[in-house]
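Only one structure is covered here, and it is reproduced in the block below.
Numbering (the working numbering), first residue to last: 1486 to 1589.
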């Protein structure tokens, strides 16, 4: 499960690094990227239990440091187990919005 989470973090970091290198996309690309991000977020929220969504919101709105928030999020995601984490990532990667961005 830690490996799955680490892979997910690496994928997200790669996306961030590409944005830093190539800059922000034009407006149409921005809209497409925004749609993909919203679809990813909705996919994640669909996989979480109500209590986990509340926990996620509490973590994000807390006054904790970024490092502490990441630690708490990591713990929460680990509670999904390896199968749950893999299922979430698989569903996210098969979203049409995600594929539209990835397959450019």
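Where a beta carbon is used, it is the ideal one built from N, C-alpha and C, also for glycine.
Starting from residue 1569, trace the alpha helix (DSSP H) in both directions and tell me its first and last residue. By one-based count along the chain shown, residue 1569 stands at place 84. Run containing residue 1569: 1566-1578, per the alpha helix (DSSP H) assignment.
Which two residues bound the contiguous alpha helix (DSSP H) that contains residue 1549? The count along the chain shown starts at 1 and reaches residue 1549 at position 64. Under the DSSP assignment, residue 1549 falls outside any alpha helix (DSSP H); it carries neither an H nor an E label.
For residue 1580 versus residue 1525, is the C-beta spacing smaller than 8 Å? Looking up residue 1580 in the chain shown gives position 95. Looking up residue 1525 in the chain shown gives position 40. Contact flag set, yes.
Given 8 Å as the limit, is there contact between the stretch 1526-1546 and the stretch 1570-1578, that is, 3 or more CB pairs closer than that? By the Cβ criterion, the stretch 1526-1546 is in contact with the stretch 1570-1578, since at least three pairs of Cβ atoms, one from each stretch, lie closer than 8 Å.
Rounded to a whole number of angstroms, what is the C-alpha to C-alpha distance between residue 1493 and residue 1535? To locate residue 1493, count along the chain shown from 1; it is residue 8. To locate residue 1535, count along the chain shown from 1; it is residue 50. Their backbone Cα atoms lie some 22 Å apart in a straight line.
Cutting at 7 Å between CB atoms, please list the residues of its own chain near residue 1517, excluding the five before and the five after it. For the purposes of this step, residue 1517 is identified with residue 32 of the chain shown, where counting begins at 1. 1585 and 1586, listed in sequence order.
Assign residue 1554 to one of three DSSP states: helix, strand, or coil. Position 69 of the chain shown holds residue 1554. Three-state DSSP puts residue 1554 in a helix.
What does the Cβ neighbour count give for residue 1504, buried or exposed, with the cut at 16 atoms within 10 Å? Here residue 1504 refers to the residue found at position 19 of the chain shown. Only exposed fits residue 1504, as fewer than 16 other CB atoms lie within 10 angstroms of its CB.
So the candidates are 1549, 1539 and 1563; which of them puts its Cα closest to the Cα of residue 1489? Within the chain shown, numbered from 1, the residue matching residue 1489 stands at position 4. Out of 1549, 1539 and 1563, 1563 has the C-alpha closest to the C-alpha of residue 1489.
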